[in-house]
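To keep things clear, I will list the structure first and then write my remarks on it.
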Amino acid sequence: MQDLLDSKSQTELFDKLGHYKCQPPLQIRVVVAGSQEDLGALAEKRSPFPFRVRETSEFSVGQFDYESGDIRLHGSLFFCPSPYKNISYLISVCSAVVWHRSILRLVNSLYPKLVPVFFSQEELFELLKLTKRTFPHSELTIIGHSRKQRLRIGSRRKYETSRTRTEKPLEAVFAEADEQNYWFSSVSVDITRAADDDKQLSHLFTSATLSKYANFFCTSQFDRFLHGTVNKMGEIAEHKMKFFSNRSRRLTRAFEPRPISITYASPEFTSQTDTNNFVSIMRKMSDASCSVLHDNPYIHLSVVDANDGSAADLWVLKNDEILLVPQLRASEAALKRFVNYIFEEWREGSVTSPTSDGIQP
Amino acid sequence: MAYNHKKLREEIDNYSETVWATVALSHECKWNESTKIVDNSVQVGLGRPMTRPDKKEVTPDIVIQRRQDQGTVAEIKHTFPPSSEIERRNEIFEQLKNYDVDLLGWWTDSKRIENHDLVLLTHLSHATHAVDFLTRDLAGTQNGTFIRNLAIIGYYRSEQDQLYFTLKKEYGSLLDPKLSEKLRLSVPIAVRHLIMARQVRFYDSPPPIPYTLRLLWEQVFPDLAQGIERDKKKGYTPIPVTVETLTQTLQKFFGYEADATGNRGAARYRRLIHHQIQDDPRGRARTLGSSVLPPAAQKIEGKNEKIEGRDRAAVVQFLKQHRIPRGGQPKRVTSSRGGRAMRRLA
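Those protein sequences? They're chains G and R, same order as listed. When we follow this note's numbering, the leftmost residue of the first sequence carries the number 14, and every step to the right adds one. When we follow this note's numbering, the leftmost residue of the second sequence carries the number 19, and every step to the right adds one.
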């Protein structure tokens, strides 16, 4: 680990990570996230635990070493700029315990200054296909996934969650998910390569995990993942940052709104039961307040993010569209969170930015 | 008077629908049928003061100037009074009769216009009653005889593949024969287009108090709270505001701004004071505290003369359900926590 900390430049750091082969429980772990601020300085200021940050010319590195209950948590987190504007890679070589109890805790504490990224199932599938293409003479097999399936509305528990260990091809796993109407939180893959000897037995080349919350883990071959999967994650994140940013009504010319439309291929709101279900889901959103202004026959809700005060009106005026109308304050982090919540709790749809041109149909 | 949630929701719904009616009528008058775009040269004023030849000032709900020589003056009554309330019915046509003269205050150099028509905008379920009253009860009377064109236009919400807001002329005609015929056949406007164009929430009439409180609470105060540190001693984030700035913010984002052409703007400053949203007539900065305006709330709990009856109960109910948490943003709370907040206020 010390050799990583001694890196003088980002290239050197990535080069060293490229040669790194992790032994369990360690993995190279990356969070792709957006921010318009200096993340290193922000993390030092807002970290929920002692966190020292050292700046280098190209990146920052933060270190922590503290006791939490009966265990000692220590590690390093590299804040590296990506080729994409306002997108950073937060990289650490650590165990799952440190990851969950320290790094994710730190990342969550930076919200809304640090804008999390969420991938749709389609994007997750595309990223995994890209990963497969990154290793041309190898075989990619899904070895496990965490999945969620929505339970009947009104039941105490919202989802059925399961962690599955399997050994199936990528396409088969996603086709099955589509059929059975569940979605993945994370997918783990093994990349195997045929051995060079005559027996042609395949051997494990590397393992990786990709989550819909823009977390990426791998055991080795970081450089190849970086130039393939991770950079693509950065590209998607940048696109999303651009899409969700500058939507506050304070920033528009005549204070007109810049709505976000979530559309579905088939009608989603066909009965009053659907409407009631949707409203009840929105009212359960954590760290947000939801006022129901109208729920029959159309839906009009006011959603406010309790973390940064961002507000948006939510309208359902067509049976296949949810319209999110950002108000005076509307950070990209909050808007993304609202959309992701709808995707997770209700259903994934296509997100577009409708215009008010041609007001009359 | 006891708090009646259902009744309050109904009032808010009626208010919102009336606002949509003003937006829909303005939009329809601005819509250029040949180019299929909104004609921004059409002038619209809400609560615009106009002067009668006898120097008396009148304030129609909507004043629209479509051309340099043609205007429309409209009055909105979501509910046309029942047949038992003849006086109130009469008052409406008396009001319209007041506009049936050469009015001064148009957007022309002379502030006059060659001709204008009159519109009574009411919910479609009441439009026939209004027409019957005008054509039967007021037939031949002074209040029922108009020099200018008078049209009674009904409005209603309807759902087809999506939610529409429809305008339909039930009586009379307008100066523009094309527009008049179009309205006779009914004009459905998709609500999504109305809400995407502008976020108008007020017209020239005071809404139920919680309606304004909600906008302030959920959309204005969180924005104002940004950059203000939480006061650890007080235990909340103080947000300095004045009625004037709040009014301007509401007008800018949710209504119509006062301008140099004579528009007074909506929501109106005086009405906000009347509602005691922030009771500071001299416009000094005052600190809003841990709940929706504790100073005001304490007054409500004490002897506030201006919020009474159902309005008072509605505000108290609103206070029960909202508070500002540590971060300074509004948050709904459970009834028990709300109860504690109320006890603290009391």
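The beta-carbon is built from N, C-alpha and C at its ideal position, and this holds for glycine as well.
Beta-bridge annotation (DSSP): Ile312(G) is paired with Val329(G). Contacts with chain R (Cβ-Cβ distance below 7 Å) from the region 309-325 of chain G involve Pro310, Tyr311, Ser315, Val317, Ala319, Asn320, Gly322 and Ala324, listed in chain order. Here the alpha carbons of Gly53(G) and Gly88(G) stand approximately 15 Å from one another.
Along the region 176-196 of chain R, the positions whose C-beta sits under 8 Å from a C-beta of chain G are Glu177, Asp179, Gln180 and Leu181, read in chain order. Taking a contact as a CB-CB distance under 8 Å, the pair Arg206(G) and Phe187(G) does not count as one, their CB atoms being some 23 Å apart. Counting every other CB atom within 10 Å of its CB across the protein chains shown gives Gln61(R) a total of 16 or more, marking it as buried. Interface criterion met: the Cβ of Met214(R) is under 8 Å from a Cβ in chain G.
Counting along the chain, Pro129(G) sits inside no beta strand (DSSP E), nor does DSSP assign it H or E at all. Put simply, of Val238(R), Gln269(R), Lys251(R) and Arg66(R) the residue whose alpha carbon is nearest the alpha carbon of Pro258(R) is Val238(R).
Exclusion of the five residues before and after Thr177(G) leaves Gly157, His158 and Arg160 as the residues of its chain whose Cβ lies within less than 7 Å of its Cβ.
Contact of Pro240(R) with chain G by beta-carbon distance below 7 Å involves Val317, Gly322, Ala324 and Arg342. Within the same chain, and ignoring the five residues on either side of Val111(G) in sequence, the residues whose Cβ sits closer than 7 Å to its Cβ are Leu86 and Gly88.
Proximity to Ser95(G) across Ser81(G), Ser108(G), Leu117(G) and Phe72(G) peaks at Phe72(G), based on C-alpha coordinates. Trp359(G) does not reach chain R, its nearest Cβ partner there being about 19 Å away, counting only Cβ pairs nearer than 9 Å. Residues of the same chain with a CB within less than 6 Å of the CB of Ala276(R), apart from the 5 flanking positions on each side, are Arg282 and Gly283 in chain order.
For Cys35(G), DSSP assigns no beta-bridge partner whatsoever.
Under the Cβ distance rule, Leu264(G) does not count among the residues neighbouring chain R, no pair being separated by less than 8 Å. Gln83(R) sits close to Trp125(R), with the two beta carbons spaced by under 8 Å. Ala343(G) counts as buried, since at least 16 other C-beta atoms from the protein chains shown sit within 10 angstroms of its C-beta. In this structure the region 139-146 of chain R touches the region 171-185 of chain R; the number of beta carbon pairs closer than 8 Å is three or more. For Leu185(R), the enclosing beta strand (DSSP E) covers residues Leu181 to Gly190.
Rounded to whole angstroms, Ala185(G) and Glu136(G) show a C-alpha spacing of 16 Å. Here the C-alpha atom of Arg70(R) lies approximately 7 Å from the C-alpha atom of Val119(R). In the structure shown, Ala284(R) adopts extended strand secondary structure according to DSSP, grouped into three states. Using a Cβ distance threshold of 8 Å, Ala325(G) and Pro339(G) count as a contacting pair. A distance below 8 Å separates the beta carbons of Gly362(G) and Ile275(G). Residue-level contact check: Val352(G) does not touch chain R, since none of the beta carbons of chain R fall below 8 Å from its beta carbon. Closest option to Leu143(G), judged by alpha-carbon separation, among Leu239(G), Arg114(G), Thr69(G) and Leu103(G): Leu239(G). Closest in alpha carbon position to Asn108(R), among Gln244(R), Thr163(R), Val81(R) and Asp57(R), is Thr163(R). Residues of chain R whose Cβ lies closer than 9 Å to the Cβ of Glu269(G) are, in chain order, Met214, Ala215, Arg216 and Gln217.
Taking 8 Å as the CB threshold, Gln266(R) stays off the interface with chain G. Between the alpha carbons of Leu192(R) and Asn22(R) lies a gap of roughly 41 Å. At a cut-off of 8 Å between beta carbons, Ala285(R) makes no contact with chain G. In terms of Cβ geometry, Val218(R) and Leu181(R) do not form a close pair [threshold 8 Å]. The beta carbon of Asp79(R) sits no closer than 8 Å to any beta carbon of chain G. Taking the CA atoms as reference points, Gly273(R) sits about 5 Å from Phe220(R).
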